[in-house]
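The structure appears right after this line, and notes come after that.
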Amino acid sequence: DPQIFYHNSRWQLGPEEALLIRFSPPQRCRAWNFQLSNHWMESLDYRYHRISVNSHAAIPGQDGSICIVVSHQPAPGPADGRFPNWLETAGHSNGGMLLRYVAADSYPPVHTRVVALADLLADRVQSP
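Written as structure tokens, this is what we have:
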């Protein structure tokens with residue numbers, strides 16, 4: 229479909245690391261989604277782990293940008309509220325990641341950074 233655009237990449241994380249992903253969705257975009265996959269681009273276990281987020285479920289920051297956290301660890305409790313778009317690796321140490329825009333008017337860059345999980349949880353990390 230010519231109206232679909234993909235950002236495709238790979239990730240690798242140690243047990244005490246987290247991947248921060250930040251992007252600002254296009255002004256005009258019918259929908260977007262971000263998902264994690266394994267080495268063969270197969271879906272991770274979505275039954276027991278949150279491995280994707282989309283334009284209908286994501287919670288944007290005050291500036292409208294989306295910050296996604298990828299970690300081996302489950303998200304802090306819902307009362308925490310600091311990381312609403314937290315995804316889990318479902319036991320994988322590496323794999324693929326895909327951001328898809330549908331009917332978008334632009335394709336903004338995606339910024340990523342691997343950080344120490346302890347630093348992220350202690351608020352010692354600025355997002356990418």
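Its first residue numbered 229, the sequence shown is counted upward by one per residue in the numbering used here. Don't be surprised by glycine CBs; every beta carbon is placed ideally from N, CA and C.
Quick check on the DSSP output: the alpha helix (DSSP H) that includes A259 runs from which residue to which? From DSSP, A259 is part of no alpha helix (DSSP H) but of the beta strand (DSSP E) over A259 to S265.
Cα separation between N236 and D308? Answer to the nearest angstrom: the Cα atoms are 30 Å apart.
What separation, rounded to the nearest whole angstrom, lies between the Cα atoms of N322 and S252? About 25 Å.
Same chain only: Cβ atoms within 6 Å of M269, ignoring 5 sequence neighbours per side: Correct list, in chain order: G324.
Please say whether W314 and S293 have beta carbons closer to each other than 8 Å? Result no, Cβ atoms of S293 and W314 do not sit closer than 8 Å.
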